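**Q**
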Amino acid sequence: QKEVEQDPGPLSVPEGAIVSLNCTYSNSAFQYFMWYRQYSRKGPELLMYTYSSGNKEDGRFTAQVDKSSKYISLFIRDSQPSDSATYLCAMSRNSGGSNYKLTFGKGTLLTVNP
Amino acid sequence: DGGITQSPKYLFRKEGQNVTLSCEQNLNHDAMYWYRQDPGQGLRLIYYSQIVNDFQKGDIAEGYSVSREKKESFPLTVTSAQKNPTAFYLCASSKRQVSYEQYFGPGTRLTVT
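Chains as they are written, first to last, in this note's numbering: chain A, 42 to 155; chain B, 4 to 116.
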């Protein structure tokens, strides 16, 4: 079983739809949960991070972590064509320091159609 | 403007040749990373460095080498020993204690024929 599983999609939605992106993981030691957005042929950029369980909201984006189920989600409300990108989940045991490692999912390709 | 630069954007090499990919940052970050991205594979860690003159192997270090002589620079050499070097290479940096917030460069697409 891979440490982090993410459905690669592709996922295609109409403009204005609510998008749900998800990852599951197997390592219960993960404490930090991140979502990165990557536009085509560009480097990823950090969208949101969450520490431990709970919800975090930033504008149209909401990140949820359910550690009991080892399941994380990213919701995008009122999706826009500019949201079309690959979304990568990432996780780590700690925030940094020696031997730090960020484990990425494979990414989900999202297309928002006007 | 602060950020990470990678050069060149596209690189073509013949099989059997070593090639060095450049990565420079002016964010004053201690930690730097090299990832490889293949279609359907996500990002895989090649090497990382938490401080100048120190670096560690990541998950797929075989056939690669790095150096960290300056805080701002972390070049990656893809050697002829790397069996499948064609890929998209991404460099990133972060503060040492906030390593979940990594800033990525624009990437270098290497094609070896």
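Think of the CB as a built atom: it goes at the ideal place given N, C-alpha and C, for glycine as much as any other residue. Note that the structure is a prediction, hence the values are computed from the model and not measured.
Can the beta-carbon of Gly84/A be found closer than 8 Å to that of Phe77/B?
**A** Going by C-beta atoms, Gly84/A is not nearer than 8 Å to Phe77/B.
**Q** With a threshold of 8 Å on Cβ separation, who are the neighbours of Leu46/B within its own chain once the five nearest residues in sequence on each side are excluded?
**A** Answer for Leu46/B: Tyr38, Arg39, Gln40, Leu93, listed in chain order.
**Q** Does the Cβ of Ile117/A have 16 or more other Cβ atoms within 10 Å, making it buried, or fewer, making it exposed?
**A** The residue in question, Ile117/A, is buried, as its Cβ has 16 or more Cβ neighbours within 10 Å.
**Q** Looking at the unbroken beta strand (DSSP E) that takes in Asp107/A, where does it start and where does it end?
**A** Its beta strand (DSSP E) spans residues 102-107.
**Q** Considering only their Cβ atoms, is the gap separating Leu87/A from Thr149/A smaller than 8 Å?
**A** No, they are not a contact pair.
**Q** Using Cβ-Cβ distances below 9 Å, what residues of the stretch 67-88 of chain A are close to chain B?
**A** Against chain B - using a Cβ distance shorter than 9 Å - the residues of the stretch 67-88 of chain A are Tyr73, Phe74, Met75, Tyr77, Gln79, Arg82, Lys83, Gly84, Pro85, Glu86, Leu87.
**Q** Do you know whose CA, among Ser136/A, Phe145/A, Asn154/A, lies nearest Pro49/A's CA?
**A** Ranking the options by Cα distance to Pro49/A, first place goes to Phe145/A.
**Q** Within 8 Å (strictly less), CB to CB, does Ser53/A reach chain B?
**A** No, no contact with chain B.
**Q** Taking the continuous beta strand (DSSP E) assigned at Thr65/A, which residues delimit it?
**A** Thr65/A -> beta strand (DSSP E) spans 60-66.
**Q** Comparing alpha-carbon positions, which option in Pro42/B, Ile54/B, Gln59/B lies nearest Leu48/B?
**A** Nearest option by C-alpha distance: Gln59/B.
**Q** Count the other C-beta atoms from every protein chain shown that fall within 10 angstroms of the C-beta of Thr8/B, then say buried if there are 16 or more, exposed otherwise.
**A** Exposed, since its Cβ has fewer than 16 Cβ neighbours within 10 Å.
**Q** If the cut-off is 9 Å on Cβ atoms, which residues from the stretch 95-109 of chain B count as contacting chain A, listed in chain order?
**A** Residues Ala95, Ser97, Lys98, Arg99, Gln100, Val101, Ser102, Tyr103, Glu104, Gln105, Tyr106, Phe107, Gly108, Pro109.
**Q** On the three-state DSSP scale, how would you describe Asp41/B?
**A** Three-state result, Asp41/B: strand.
**Q** Let me make sure I understand the geometry here. Which of Arg82/A, Arg78/A, Lys43/A, Tyr66/A has the alpha-carbon closest to that of Val106/A?
**A** Looking at the Cα atoms, Tyr66/A is the closest of the given residues.
**Q** With 16 as the cutoff for other CB atoms within 10 Å, does Ala70/A come out buried or exposed?
**A** When all chains shown are included, Ala70/A counts as exposed.
**Q** When DSSP labels each residue in this structure, what does Asp62/B get in the three-state scheme?
**A** Coil at Asp62/B, not helix or strand.
**Q** Beta carbon of Ser3/B, beta carbon of Glu104/B: below 8 Å?
**A** An answer regarding residue 3/B cannot be provided, because it is not within the stretch 4 to 116 covered by chain B.
**Q** Shortest alpha-carbon distance to Ser125/A belongs to which of Gly138/A, Val153/A, Lys142/A, Thr91/A?
**A** The shortest C-alpha separation from Ser125/A is found at Val153/A.
**Q** DSSP state of Glu123/A, grouped into three classes?
**A** The sequence given here places Ser at residue 123/A; Glu does not occur at that position. Looking at Ser123/A - three-state DSSP - the assignment turns out to be helix.
**Q** Using a Cβ cut-off of 8 Å, pull out every chain B residue sitting near Gly137/A, in sequence order please.
**A** Those within 8 Å of Gly137/A in chain B are Ala34, Ser97, Lys98, Arg99, Gln100, Val101, Ser102, Tyr103.
**Q** Assuming the contact rule is C-beta atoms closer than 8 Å, Val115/B and Pro88/B should be a hit. Round their C-beta distance to whole Å, please.
**A** About 5 Å separates the two Cβ atoms, so the contact holds.
**Q** Below 9 Å between beta carbons is the criterion; list the residues of the stretch 41-53 of chain B that meet it against any residue of chain A, in chain order.
**A** Within the stretch 41-53 of chain B, the qualifying residues are Gly43, Gln44, Gly45, Leu46, Arg47, Leu48, Tyr51, Gln53.
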